[in-house]
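Engineer:
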Amino acid sequence: MLPRSLLAFAAGSLTVLAFAPFTLHFLAVAGTFVLFLLWLDASPAQAFREGWLYGAGLMGFGVFWMHISIDQFGNVGTLLAVVITLLFAALMALYYGAVGWLAVKIPQAQAGPALKLVSVCLLWTLFEWLRGWLLSGFPWLALGYSQIDSILAGWAPLLGVYGVTLAVALTAASLLGLLLATGYSRLLFVALLTMSWGGGFLLTGQAWTRAAGKPISVSIVQGNVAQQEKWRQENLQPTLDLYTALTRKSWHSDLIIWPETAVPSFAAQVEESFLRPMEMEAKANRSTLLVGIADWKPGNKYYNAMLALGNERAAYHKRHLVPFGEFLPLKPLLQPLINWLQIPMSDFSPGREGSPLLTLAGWSAGISICYEDAFGAEVIAALPQAAFLVNASNDAWFGDSLALPQHLEIARMRALESGRYLLRSTNTGISAIIAPDGRVAAASPAFERDVLTGLVTPLQGMTPYARWGNWAIVSFAAGGLLIPVAMRWRQDKPVV
């Protein structure tokens, strides 16, 4: 039992290396190959345990960076921060345990490797989507992200990141099936392998969108203000002076983008002294300035906002808030515990769904703030109207950790799924101009003060994923599972 458990944990742990910054994308296939092999002769309880251990390794190492924010800004101490992070990883690992249990439980006992392996691929895809949706969702480290630089990424504009996940799972299952299957069933695995990689190859480079107008010039400002210093009152004016100086060197650009909460103040508090003068400068230079700032509205509603200054003032309010970071879920139940632990807790309100898109440099743009860009179905809601996408983030909360390259990897997938340029402005990095094919056209070094300038083409048209969202791949996975479920039901049905 122990070697199997260690093997499952090691498979999940090594899969972390498939993601940025390591990008050993073949390890995503290798990790699932090992886990699928273990599940083939496991009991439901064994499969659950091994799946959970795989998930514990993946999440425990892959998002261990969460403890940095909890420790440094959560007022709980290093030990408790690590414990909270590991508990979160253990909870996320339950999804992989559930996949293992169902993968063994659903197919008939006498079912061959083909049915078992295809079933587990469909279950994996379905539960990865569930992890990114249920209880606000946490889609980080979905297997599909690890393939952004592989041929399998060609499936992203068609079926999104979860379609790429399915291709990874089918690859592992097919390689395993070719080793174990005999006779004609081997042909099925050859076909699945050919479809996954051949389809990805043929789809790579497919132009799903086209130019809607002439390129616009953009400047992305990376202020590199330490999170520990950012919200101190004495640092407000130096921060404003810093961003003003960097911006005045960039008024030649059509669009200038600041990071999330670049202005460490509420908009009303700096309206006359800062926002209005900057707005006048933007108008005088025929430029649009997009500013990250906290906003307040009557009724004690606080918003994490991006404010457009220039031709016409407008604001985007963040809609998908971070649980515990920006709001407290299950507040009546958890508030006493939070008070006892003395953890500082923000209480933002979500922005209104269906708000008009911001117009930036004359074009409609789809805006996301921080980890909103981890939710592909929410990003594509701005299409087809949006000619390009903007993400403003502040990953300084997580220091010099895997969070920065992982978040950039996620943003690259959003650009590829939507067939749009994505402009990413961050406080400490990694700011980037991402092309519609997911390629990083230009990037700022992390933890350096920088202004990234380039040309971006407004685009029109829609990828299939932008039309279908996640429902195409979810329906396919759920529909495919009806076959083994029906077969199992017929087997268990009592004979009258």
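When we follow numbering that gives the first Met the number 0, the leftmost residue of the sequence shown carries the number 0, and every step to the right adds one. For each residue, glycine too, the CB sits at the ideal point set by N, CA and C. Since the structure is predicted, the reported quantities are computational estimates derived from the model, not experimental observations.
Using the DSSP secondary-structure output, state which residues sit across from I219 in a beta bridge.
Structural biologist: By 1-based counting over the sequence shown, the position of residue 219 is 220. Checking the DSSP bridge columns, you'll see I219 partnered with I256 and L451.
Engineer: According to the neighbour-count rule (16 or more other Cβ atoms, all chains shown, within 10 Å of its Cβ), is V119 buried or exposed?
Structural biologist: Translated into the one-based positions of the sequence shown, residue 119 becomes position 120. Answer is buried; the Cβ neighbour count reaches 16.
Engineer: Do you know offhand how far L121's Cα is from G99's?
Structural biologist: Translated into positions along the sequence shown, residue 121 becomes position 122. Translated into positions along the sequence shown, residue 99 becomes position 100. The alpha-carbon atoms of L121 and G99 are separated by roughly 12 Å.
Engineer: Provide the residue(s) that pair with Y315 in DSSP beta bridges, ordered along the chain.
Structural biologist: The sequence position of residue 315 within the sequence shown is 316, counting from 1. Paired residue(s): M305.
Engineer: Please classify L336 as buried or exposed, where buried requires at least 16 neighbouring CB atoms within 10 angstroms.
Structural biologist: The residue you call residue 336 lines up with position 337 of the sequence shown. With a pLDDT of 49 at L336, under the threshold of 50, the predicted position of this residue should be treated as unreliable, though the coordinate-derived value follows. It is exposed - the Cβ of L336 has fewer than 16 other Cβ atoms within 10 Å.
Engineer: Would you check if the distance between the CB atom of L454 and the CB atom of P214 is smaller than 7 Å?
Structural biologist: Position 455 of the sequence shown, counted from the start, is the residue given in the question as residue 454. Position 215 of the sequence shown, counted from the start, is the residue given in the question as residue 214. Yes.
Engineer: Cα separation between Q146 and V28?
Structural biologist: Here residue 146 refers to the residue found at position 147 of the sequence shown. Here residue 28 refers to the residue found at position 29 of the sequence shown. One C-alpha to the other measures close to 10 Å.
Engineer: Do you know how far the Cα of G199 is from the Cα of P483?
Structural biologist: Counting from one through the sequence shown, the residue named residue 483 turns up at place 484. Counting from one through the sequence shown, the residue named residue 199 turns up at place 200. The straight-line gap from Cα to Cα measures roughly 27 Å.
Engineer: Any chance you could list the beta strand (DSSP E) runs of at least 3 consecutive residues sitting entirely within the segment 368-440, in chain order?
Structural biologist: 387-392, 421-425 and 431-433
Engineer: Which same chain residues, not among the five before or five after A19, have their C-beta less than 6 Å away from its C-beta?
Structural biologist: Locating residue 19 in the sequence shown gives position 20, counting from the first residue. Excluding residues up to 5 positions away in sequence, P404, Q405 and E408 lie with their Cβ nearer than 6 Å to the Cβ of A19 in the same chain.
Engineer: Pick from N393, P138 and A210: whose alpha carbon is nearest that of V262?
Structural biologist: Locating residue 262 in the sequence shown gives position 263, counting from the first residue. Nearest of N393, P138 and A210 to V262, Cα basis: N393.
Engineer: I'd like to know whether the C-beta atoms of L382 and A465 end up nearer to each other than 7 Å.
Structural biologist: Taking the sequence shown and counting its residues from 1, the one referred to as residue 382 is at position 383. Taking the sequence shown and counting its residues from 1, the one referred to as residue 465 is at position 466. Yes, the Cβ-Cβ distance between L382 and A465 is below 7 Å.
Engineer: Can the beta-carbon of V160 be found less than 7 Å from the beta-carbon of M412?
Structural biologist: To locate residue 160, count along the sequence shown from 1; it is residue 161. To locate residue 412, count along the sequence shown from 1; it is residue 413. Annotated as proximal: V160 and M412, with beta-carbon spacing under 7 Å.
Engineer: Within 10 angstroms of its Cβ, does T425 collect 16 or more other Cβ (buried), or is it exposed?
Structural biologist: Residue numbering aside, residue 425 sits at position 426 when the sequence shown is read from its first letter. Its Cβ being crowded by 16 or more others within 10 Å, T425 is buried.
Engineer: Is there contact between the segment 69-88 and the segment 422-440, where contact requires at least three CB pairs shorter than 8 Å?
Structural biologist: no
Engineer: Starting from the Cα of A9, find the closest Cα among L34, T22 and S400 and give me that residue.
Structural biologist: Along the sequence shown, read from residue 1 onward, the residue named residue 9 stands at position 10. Residue L34 is the option with its Cα nearest to A9.
Engineer: What is the C-beta distance between F93 and W51, in whole angstroms, given that I count them as a contact (C-beta under 8 Å)?
Structural biologist: Residue numbering aside, residue 93 sits at position 94 when the sequence shown is read from its first letter. Residue numbering aside, residue 51 sits at position 52 when the sequence shown is read from its first letter. It is Leu, not Phe, that sits at residue 93 in the sequence shown. Going by Cβ atoms, the distance from L93 to W51 rounds to 6 Å, so yes, they are a contact pair.
Engineer: For the pair the segment 367-375 and the segment 190-199, tell me if three or more CB-CB distances fall below 8 Å.
Structural biologist: no
Engineer: Throw me the rounded Cβ distance for the Q226 and D449 pair, which I believe falls under 8 Å.
Structural biologist: As a first step, residue 226 must be located in the sequence shown, where it is residue number 227. As a first step, residue 449 must be located in the sequence shown, where it is residue number 450. Wrong, their Cβ atoms sit about 18 Å apart, outside the cutoff.
Engineer: What did DSSP end up calling I292 once you bin it into helix, strand or coil?
Structural biologist: As a working note, residue 292 is residue 293 in the sequence shown. Residue state, collapsed to three classes: strand.
Engineer: Are the beta-carbon atoms of F155 and L415 separated by less than 7 Å?
Structural biologist: In the sequence shown, the residue the question calls residue 155 occupies position 156. In the sequence shown, the residue the question calls residue 415 occupies position 416. Note that residue 155 is Ala in the sequence shown, not Phe. Their beta carbons are under 7 Å apart, which means A155 touches L415 by this criterion.
Engineer: With the cut-off set at 7 Å, would you say I255 and S249 are in Cβ contact?
Structural biologist: Position 256 of the sequence shown, counting from 1, holds the residue named residue 255. Position 250 of the sequence shown, counting from 1, holds the residue named residue 249. Yes.
Engineer: How is the alpha helix (DSSP H) around S173 delimited, first residue to last?
Structural biologist: Counting from one through the sequence shown, the residue named residue 173 turns up at place 174. Residues A155 to L179.
Engineer: Pull the bridge partners of G365 from the DSSP assignment, please.
Structural biologist: For this step, residue 365 is matched to residue 366 along the sequence shown. Answer by DSSP bridge pairing, in chain order: L388.
Engineer: Sort out for me which residues DSSP pairs F265 with in a bridge.
Structural biologist: Stepping through the sequence shown from its first residue, residue 265 is reached at position 266. Beta-bridge pairing links F265 to A293.
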